[in-house]
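Report on the structure given below.
Quick look at the structure:
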């Protein structure tokens, strides 16, 4: 609401869906699905128990609403941008540069995305949207935390960038 965005009225949420090692937002079904990870010794770690994952997946809904086009589903690069901006919403709302220490951390520390790292473009691209999103996420985190831009202006910048995305 502080972004001044009009979001879709109803989103279906399944906090214990049948998705191993995954959580997702479906823009067509307007559905959030939070899966699970088998952590060994019979222990299940649920994505819905990780605030980073919940905000990240809800962030996809914010992204798709603000973009008002289907551009975020149009290509590999657009998918990486969607992932990056969803990461950014979780990081900025929780004021924490590490994403998903609970759920992704249960799968291994290499899965945690840290916005304080320094992946470069284009040498940092590996053709996987969750890895490639790090480049933009790290740039946005730097703008938010180490420049004179700060949180409020960087949040507004991200919102405006989504609103300015072209239809194709």
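Numbering (this note's numbering), first residue to last: 619 to 786.
We treat Cβ as the ideally placed atom computed from N, Cα and C, and that holds for glycine.
Since this is a predicted model, take the numbers as computed values, not measurements.
Item: Neighbourhood of residue 700 by C-beta, 7 Å cutoff - its chain only, sequence neighbours within 5 removed; Value: 678, 681, 690
Item: Neighbour-count burial assignment, residue 671, 16 or more Cβ in a 10 Å radius; Value: buried
Item: Contact between the region 751-763 and the region 647-655 (3+ Cβ pairs under 8 Å); Value: no
Item: Own chain partners of residue 665 with C-beta closer than 6 Å, once the 5 adjacent residues on each side are dropped; Value: 641, 652, 653, 671, 721
Item: Neighbourhood of residue 743 by C-beta distance below 6 Å, restricted to the same chain and skipping five residues each side; Value: 750
Item: Residues near residue 768 by beta carbon distance below 8 Å, same chain, minus five either side; Value: 762
Item: Proximity of residue 733 and residue 716 at Cβ, strictly below 9 Å; Value: yes
Item: Cβ neighbours of residue 711 in the same chain (closer than 7 Å, five flanking residues each side left out); Value: 673
Item: Helix, strand or coil at residue 720 according to DSSP, with G and I counted as helix; Value: coil
Item: Status (buried if at least 16 other CB within 10 Å, exposed otherwise) for residue 619; Value: Residue placement at residue 619 cannot be trusted, given a pLDDT of 48 that sits under 50; the coordinates are not used to answer.
Item: Pair within 9 Å by beta-carbon distance, residue 684 and residue 780; Value: yes
Item: Residue of 725, 631, 760, 636 minimising C-alpha distance to residue 737; Value: 760
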